[in-house]
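Shown next, in C-alpha cells, is the structure this report addresses.
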Amino acid sequence: MEPRLSDRTVRRATVVLIALRIGYAYNWFSIGPALVPIGNEFGIGPAGFGLLVAVFLLGAGLLQVPAGFLARRFGARTVSLAGVALLAVSTVGAAYAPTFPVLLAGRLLGGAGAALFFSPAIGLVASLYPPGRRGLPVGTFSSAYSAGAGLGVLGTSLLLPDLGWRLAVALGGVVLAAICLAGVAWVPRAAGARPPRTAPRSRGLPRALRYRGVWAVGFAFVGLEGATFATGQFLVPYGETIAGWSIALSGIVAMLYVLPSLFGGPVGGPVAERHRNHRTQFLVATLAGGLPLALIPVAGLAGAVAIGILFSFCYGAVYAIMYVLPHFWQEVDPAEVPLAIGLFNSIQLAGGALVSLAFGAIVAATSYSVAWELLAAIVALSLLALLALPPTPARRAGPPAEAAAVPP
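For what it's worth, the numbering used here labels the leading residue of the sequence shown as 16, then goes sequentially.
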C-alpha cells in the first residue's frame, strides 16, 4: 500500500507544477515579440516568421500521443519534468543560435519538450489528490497556461528594448530551468510513479485512436488552433510595422488575445457538463470568436483590443467544452480519455502549424489585411469536420476525469 503524502508535500508539489505550467506557456509564446529583430538579424520576413512559429507547433503536435505512452512506461513525473527540461534548454540554445536553421531546430526541440510536459502533467497534478478534491488544483493548473502565455508576450515585449531579443528570450528558459530543478526536488516520486488503473488491454489500436469523434474534434479546430498562435505571435510585429504601435503597446494588445481565455474555461466547462448540444456549443463559440479576426485591419486600437478579448474568451470556452466532451463518449474507455485528448491535440497542433505557416506566407505574398481575412475563413471552414461528430449520449456512470478545461 502506498504511503499517504502529507498535506505540505502536496501543496508544495502543486505550487511547483503550476509554476512549471506558467513557465511552459511563457516560453511557448515568448518568440512572438522577438520576430522583428530576429528578421532583421537573419534577413527573413513574414514567411520566415510563419516557419519559426510552425516548427514549435509541429514538435508539440507530433509528440502528444507518444507522450501518453511514455508516461505509462516511465511515469508521469519523469516524462513531464524531462519535457520542461528539454523546453528550457532548447529555448536558451535557440536564443543564441548562430544561424536561422539552428534557431528553427531549437524551437522544434522546444515544441517536443512542451508535448512531453502537457498530458503527463495533467495526470500528475490529479494524482496528488483523492477523488472529489481535484477540481480546484486542476482548474488552477489549467488557468496557469493563459497566465503564462500572456506573460510571455508582454514580458518579452517589455524586455526587448533593454536586453535585446537573445537575452530576453533566453531569460525565460533560464527561469524555467530553475523551476524544473525545484520540481525534481519537491514533486514526490510516488505521485508520478502510480500506475493508472486500466481495463485489460484489447488487441490492436486503443479505441480512443479509432473513434471518429476524436478525429472530428481534431480537424474541426485546426483553424482555431492556428488562429490562436497566429494572433499571439504575429500581433506584435503587425502592431509595430503596420499599425504604428510601440512594441510595449503591441505586447499588451497581443496579450489580450491570450489572457482572457482564463475566464472562458470556467464558462464553457459547466455549460458542456449540463447540456449535450456540444456541436452547437462549438459552432457558436468558435464563430463568435473567430469571425471578428477579419476586422483587425480596420478596427483600430480599441477595436483590436475588443476583438482580442472576445476571441480569447471564446477560445477558452471552446477548449473547456472540448476537454469535457470525451467523458460522455461511451465508446471510449475512461482510461483512454487522456489518449483521446492527446490525439486530437496532436491533430490540432500539427494543423495549426500549417495554418501559422500559411499565414506568414500570405503576409509575404499579399498583406496582413488579406491574411487576417483568410485566417477567419479558415477558422469557419474547419468547423465542417463537426459533421462527423457523433451526437453526445447521456453521461456514463462514474465521476468525470480531471482533464477538463486544460489547453495544450
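Here a beta-carbon is modelled for each residue, glycine too, at the ideal position from N, C-alpha and C.
- CA-to-CA, the gap between Leu277 and Pro81 works out to about 28 Å.
- Under the three-state reduction of DSSP, Ser21 is assigned to coil, being neither helix nor strand.
- With a beta-carbon spacing of about 5 Å, Ser134 and Gly357 fall inside the 8 Å limit used to define contacts.
- For Asn360, the enclosing alpha helix (DSSP H) starts and ends at 352 to 380.
- Taking the CA atoms as reference points, Gly284 sits about 44 Å from Phe57.
- Across the structure, Arg204 and Val31 are spaced so that their CA atoms are roughly 14 Å apart.
- Ala386 is the residue among Pro61, Ala355, Ala386, His342 whose C-alpha sits nearest the C-alpha of Leu306.
- With distances taken between CA atoms, Val202 lies nearest to Ser21 out of Leu396, Leu389, Ser21, Ser397.
- Annotation: the continuous alpha helix (DSSP H) that includes Gln296 extends over 293 to 305.
- Residue nearest to Phe89 within the set Leu131, Ile336, Tyr144, Ala40 is Leu131 (criterion: CA-CA distance).
- Here Ala91 is buried: its Cβ has 16 or more other Cβ atoms, across all protein chains shown, within 10 Å.
- In the displayed model, Arg225 falls within coil according to three-state DSSP, outside both helix and strand.
- Here DSSP, grouped into helix, strand and coil, assigns His342 to helix.
- When the five nearest sequence neighbours on each side are left out, the beta carbons in the same chain lying within less than 7 Å of the beta carbon of Ala231 are those of Ala400, Leu401, Ala403, Leu404, in order along the chain.
- When DSSP states are grouped into helix, strand and coil, Phe57 belongs to the helix group.
- Its chain contains Leu35, Gly38, Tyr39, Tyr41, Asn42, Val99, Leu102, Ala103, Thr106 as the residues whose beta carbon lies nearer than 8 Å to that of Leu191, once the 5 sequence neighbours on both sides are disregarded; these appear in chain order.
- Within the same chain, Gly375, Val378, Ala379 come within 7 Å of Pro61 by CB-CB distance, once the 5 residues on both sides are set aside.
- Under the three-state reduction of DSSP output, Gly163 falls in the helix class.
- Of all alpha-carbon atoms in Ser157, Gly179, Leu182, the one lying nearest the alpha-carbon of Ile33 is that of Ser157.
- A contact is defined here as three or more CB-CB pairs under 8 Å, and the stretch 109 to 126 fails this definition with respect to the stretch 236 to 246.
- Of the candidates Ile322, Leu398, Cys329, Gln248, the residue whose Cα lies closest to the Cα of Ala368 is Gln248.
- When rounded, the separation of the alpha-carbon atoms in Phe236 and Gly198 is 33 Å.
- For Ala242, the enclosing alpha helix (DSSP H) begins and ends at 237 to 253.
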